[in-house]
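**Student:**
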Amino acid sequence: MNMTELSNTFWQQGYLVIEGLFSAENMDKLQSIILGHYGLNPEYEHEAAFLSKSATEVIPWFPQLSGKQGFDEIEHCNQMETLTEAILGKGWKSLYCMTMFSKKGTKGQAWHQDCLPDDPQQFNLNRLVYTMDINAHVGGELLVMPGSHRLGKLPAGEVNEDFSEQVILAPQKGTLVMIHGHTWHRVLPVKGEYRLSTNYRAIPQNTPEDITDICVYRNMLYQFSTSKVLEDRQV
Ligand SMILES: O=C(O)CCC(=O)C(=O)O
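With this note's numbering, letter number 186 in the sequence shown gets 186, and the count goes up by one each step, no holes.
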């Protein structure tokens with residue numbers, strides 16, 4: 001892998017896709033740990049008001065906090081670490097590993113930015129690892145707006161509007177997708193039994209660890225630590 005080229009592509013697009021980075025065997029191992037935790041009908045953790053207003057139906061889990069060491073090996077994958085450093089520079093830090101489960105028939109995730117884009121230097125990096133194939137049959141494809149990490153705040157508007165420049169990603173098992181926290185992104189509704197993704201979030205040096213506490217949706221700014229809508233964004 002040419003890290004400089006990949007980093008340039010990331011900074012140009014606001015996202016990057018690396019197919020086949022992780023072995024199917026490793027992914028199957030993680031997938032079975034994740035499913036062992038959730039089962040097929042886990043309870044939601046966020047408040048119902050948030051789930052409904054955000055149009056985001058995801059159940060998070062932090063497997064490393066439960067001592068699941070299988071997830072450490074991926075975190076310390078040499079290529080992922082080297083690529084992260086090429087993108088974020090020296091002094092970057094791994095935040096945590098968070099799995100996300102969405103049930104059959106749920107909405108996915110509406111357009112959002114993981115953190116406020118007011119300062120271009122202050123952002124998180126999503127490093128999304130897919131332990132299963134995402135495709136039109138399963139649903140849950142990932143939508144990104146190329147270059148939107150440079151466009152400031154996601155405009156207020158219809159939460160699931162289609163943008164003419166949006167790109168639809170259907171990551172296969174073993175793929176790594178990196179997304180800048182200011183890039184507008186969204187997940188389509190889930191048609192299969194379930195949808196899983198695993199996010200190894202990271203931050204550049206001098207970035208607060210709670211950088212993703214306030215999330216930007218098209219209809220609100222939401223603060224997770226207080227479970228509060230900080231701003232209702234009217235269209
Ligand atoms: O699960 C995915 O593919 C995307 C996750 C996402 O939107 C996020 O972590 O902000």
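By construction, the Cβ of each residue, glycine as well, lies at the ideal position given by its N, Cα and C atoms.
(1) Could you give the distance in angstroms between the alpha-carbon of Q166 and the alpha-carbon of G14?
(2) Taking the runs of the beta strand (DSSP E) that are 3 residues or longer, which of them lie wholly in the stretch 28 to 105?
(3) Should K173 and Y130 be called a contact, given that it needs their Cβ atoms to be closer than 9 Å?
(4) Classify F71: buried if its beta carbon has 16 or more other beta carbons within 10 angstroms, exposed otherwise.
(5) As a quick exercise: from W11, D213, A156 and G105, pick the residue whose alpha carbon is nearest that of G89.
(6) Is the Cβ-Cβ distance between E75 and P60 less than 9 Å?
(7) Cutting at 6 Å between CB atoms, please list the residues of its own chain near F224, excluding the five before and the five after it.
(8) In terms of alpha-carbon separation, which member of Y222, K53, E5 and E231 lies closest to I18?
(9) Just the Cα atoms here: how many angstroms apart are Y38 and R195?
(10) Using the beta-carbon count (16 or more within 10 Å), is R201 buried or exposed?
(11) When we look at the beta-carbon of E141 and count the other beta-carbons within 10 Å, is it buried (16 or more) or exposed?
(12) So, helix, strand or coil for N8, using DSSP?
**Tutor:** Well, looking at it:
(1) The residue labelled residue 166 in the question sits at position 166 within the sequence shown. The residue labelled residue 14 in the question sits at position 14 within the sequence shown. Answer to the nearest angstrom: the Cα atoms are 12 Å apart.
(2) 59 to 61 and 93 to 103
(3) Sequence index remark: in the sequence shown, residue 173 carries index 173 (1-based). Sequence index remark: in the sequence shown, residue 130 carries index 130 (1-based). Yes, Cβ-Cβ distance for K173 and Y130 is below 9 Å.
(4) As a position in the sequence shown, residue 71 is number 71, starting the count at 1. Classification of F71: buried, given that the 10 Å Cβ count is 16 or more.
(5) Taking the sequence shown and counting its residues from 1, one reaches residue 89 at position 89. If we check each option's Cα against that of G89, W11 comes out closest.
(6) Counting from 1 along the sequence shown, the entry for residue 75 is found at position 75. Counting from 1 along the sequence shown, the entry for residue 60 is found at position 60. Going by C-beta atoms, E75 is not nearer than 9 Å to P60.
(7) Translated into the one-based positions of the sequence shown, residue 224 becomes position 224. Counting only Cβ-Cβ distances below 6 Å, and skipping sequence neighbours, we find D213.
(8) By 1-based counting over the sequence shown, the position of residue 18 is 18. Among Y222, K53, E5 and E231, the Cα nearest to that of I18 belongs to E5.
(9) By 1-based counting over the sequence shown, the position of residue 38 is 38. By 1-based counting over the sequence shown, the position of residue 195 is 195. Taking the straight line joining both Cα atoms gives about 12 Å.
(10) Walking along the sequence shown from the start, residue 201 turns up at place 201. Buried: at least 16 other Cβ atoms inside 10 Å.
(11) By one-based count along the sequence shown, residue 141 stands at place 141. Per the 10 Å Cβ criterion, buried.
(12) Taking the sequence shown and counting its residues from 1, the one referred to as residue 8 is at position 8. In this structure, N8 counts as helix in the three-state DSSP scheme.
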